[in-house]
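Please read the structure below before turning to the comments.
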Amino acid sequence: MAATLPLLAGALALGIPNASADSAPGGRDALQGTKPAWATATADRGATADSGRVAVRVHLAGRDAKGLAAYAAAVSDPRSASYGKYLSASQAQARFGATQDQIDRVSQWLRSSGLTVTGTSQHYVSATGEVAKAEKAFSTQLRNYRKGSRTYRAPASTASVPAALSDAVLAVSGLDNAPHRSSHDEVLPPPDAVFRNSGPFSSYFGSRTASTLPSAYGAKVPYAVKGYTGKQLRAAYGAGDYTGKGVTVAITDAYASPTIAEDAAEYAKRNGDARYRHGQLSQVLPDDYTKTEECGASGWYGEETLDVEAVHAVAPAADIVYVGGASCYDNDLLDSLNKVVDHRLADIVSNSWGDVEANQTPDLALAYDQVFKMGAIEGIGFYFSSGDDGDNVASTGTKQIDVPSNSAWVTSVGGTSLAVGKHDTYQWETGWGTTNAPLAADGKSWTGFPGAYTSGAGGGTSSTVKQPFYQRGIVPDSLAKANGTTRMRTAPDVAAVADPNTGFLVGQTQTLPDGSLGYDEYRIGGTSLAAPVIAGVQALAQQAQRGRPIGFANPAIYARYDSKAYHDVTDHPLGHGLAVARVDFANGYDAADGLKTSVRSLGKDASLSAVRGYDDVTGVGTPAPGYVSSYRRH
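Residue 639 is where the sequence shown ends in the working numbering, and the numbering goes up by one at each step.
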């Protein structure tokens, strides 16, 4: 694509309109989206006290917001003459980053409004002050609104800034405080209590049949696998001889496991992965942590462990840098992403976290997208798990997709159930969606078969992000227009193994029943597994591309649609129902309190379906042996 106009059209389809695009009365520019959708008249509980405190971030627009979107699209599109012509971090900042003048003007305005500037960076200016001062500064009233079972503060009308700052301000966050709470300095807690799988297990899919248990779908079913390892996943997704050498993968999560280096090394030794080189695994951590109890800090240790061990299992020679957030809140996770981009710490970024779309406000969407676009022009690709609750109806009551996976500037990674057979042979995949039917008391049938829905890959159609150019003509209108007449962003883009019943074996230091700490291994899944697996596959592909960064991968991913690059995953690959048997410890770690036996049906993801072609469970599919090798030709 040599012409400029098609690229600009694609860029506009990728972007969310600038938050300060509309005029407001009195020579001010409106910051669209600052009044949350839940701040309705019926939810109004009265004015916020003038003496209350507010902490805001004014996100900076940078030098050329429209130019940034256009350039990010151009360097990411294989059809563009600018494809792959990335900028260094310093070049990106000089061309598109915030100026010192913008920082100074915003800071001066906040101070003149009676607020206290608490920090500045090349991304934002933070400030605190009384509610009355913030109301005056942003020309809005702050009121209290009921949201669910709690009450939160939010603007009663769209906030605005002086027109003279329209070129400097992208968005403001913090005027509403849902779900933020006060925080204080804390230390990280010890690891969570040990979790173990009971067994019996299959060592590969189908290696051990549950012959004494009832049939399902007309046949005896296999026991769930003990947990796939790197050798099996590399074979399934066509790694060949590639190892990710010369590529760096970043992982972002909240907090940091205090035993990650020892656990990763022990896991690799036990499960046949390459030994870590000196310096191959590194961490970039904040000076302090907050909200550890609220965020369940120790639960994030397992997330980091899974992500690190999965990337290394698939791409054993790739460098891994873990960038931890001070908490699980947006500001701290944004700071982690910004560190990756500002210092170009990696080529590929795996992110196994998110929230539902209804909880993301447009101001934060703009802030996230700015990071992703800056990364794109540097040749950095971001990969986000699509979620583990299918269409989210069971968990939220509303059909919606996850964020930041909904962004048009990231690769949304969905999930599958994976069958790897004898000799590490790929057999088939279904879309990940599980129902659970327990064994009846008499042991002769499965109660309520096929059982209740438990979990599945997130996916569906965005209510806020328009369809990006790379999905045009590939995503069917039945999905793209699911929410109305306008074609919208549909997730996911690509997929990999996620079903915990066909999941990955991880090793982690945990708190044992006697209170001591010890290394243990267990099977795990979720799109939290799929994201680092795809990040590892992308490291292999980048190595195949002679080390040239892939960058924002979606245009290249969709350019390979309907080719030998992908397994086209469906829910019924063998033409009939599929299931596995599971035996679990009732207490999660030993047989003292008994066992629970169940059958888990596969390919039943709420209202979502994996079908031929693009679908909202697996996207374009999963990497086939032709995927990595296809990058040799580009």
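Here a beta-carbon is modelled for each residue, glycine too, at the ideal position from N, C-alpha and C.
Subject >> Ranges of the beta strand (DSSP E) found wholly within the segment 57-103, counting only runs of at least 3 >> reply: 58-65
**OP:** Assign H283 to buried or exposed, taking buried as 16 or more other Cβ atoms, counted over all protein chains shown, within 10 Å of its Cβ.
**Re:** exposed
**OP:** With DSSP as the reference, label K344 as helix, strand or coil.
**Re:** helix
Original post:
If you count every other CB in all the chains shown that lies within 10 Å of the CB of A99, and 16 or more means buried, which is it?
Top reply: exposed
Subject >> Sheet register partners of P473 (DSSP bridge) >> reply: In the DSSP output, where bridge partners are listed per residue, P473 has none listed.
Original post:
Excluding five sequence neighbours on each side, which residues of the same chain lie with their C-beta closer than 8 Å to the C-beta of V174?
Top reply: A24, S25, D34, L36, V63, H64, L65, A66, V111 and V166
Subject >> From G453, G463, P560 and F509, residue whose alpha carbon lies closest to that of I479 >> reply: P560
Subject >> Through-space distance from D368 to K569, alpha-carbon basis >> reply: 40 Å
**OP:** Could you have a look at N202 and say whether DSSP puts it in helix, strand or coil?
**Re:** coil
Original post:
Opposite H572 in the DSSP bridges: which residues?
Top reply: T627
Subject >> Straight-line Cα distance separating K449 from G38 >> reply: 57 Å
Original post:
Taking the C-alpha atoms as reference points, what is the distance between N411 and A500?
Top reply: 15 Å
**OP:** Give a yes or no on whether the C-beta atoms belonging to S422 and G608 are separated by under 8 Å.
**Re:** yes
Original post:
Count the other CB atoms within 10 Å of the CB of L510; is the residue buried (16 or more) or exposed (fewer)?
Top reply: buried
**OP:** Would you check whether the ligand MG has a heavy atom nearer than 7 Å to the C-beta of L579?
**Re:** Annotation note on the ligand MG: not contained in the displayed structure, which lists no ligands.
Subject >> Residue range of the unbroken alpha helix (DSSP H) whose run includes N276 >> reply: I265 to N276
Subject >> Option in D407, G395, V361 and W414 with minimal Cα separation from G386 >> reply: W414
**OP:** Return helix, strand or coil for V538, following the three-state DSSP convention.
**Re:** helix
**OP:** May I ask you to list the residues that DSSP assigns as paired with D335?
**Re:** In DSSP, D335 forms no bridge with anything.
Subject >> Backbone CA spacing between A16 and A103 [nearest angstrom] >> reply: Low local confidence applies: a pLDDT of 28 at A16 is under 50, so the model's placement there is unreliable, and no value is given.
Subject >> Straight-line Cα distance separating Q472 from D293 >> reply: 39 Å
Subject >> Best match in T490, R528 and V345 for proximity to T507 [C-alpha to C-alpha] >> reply: R528
**OP:** Whole angstroms is fine: what's the gap from H185's alpha carbon to A168's?
**Re:** Bear in mind that the predicted position of H185 carries a pLDDT of just 41, short of 50, making it too unreliable to give a figure here.
Original post:
Taking C-alpha atoms, which residue in N441, V199, G232 and Y475 lies nearest to S207?
Top reply: G232
Original post:
Who are W433's beta bridge partners in DSSP?
Top reply: A424
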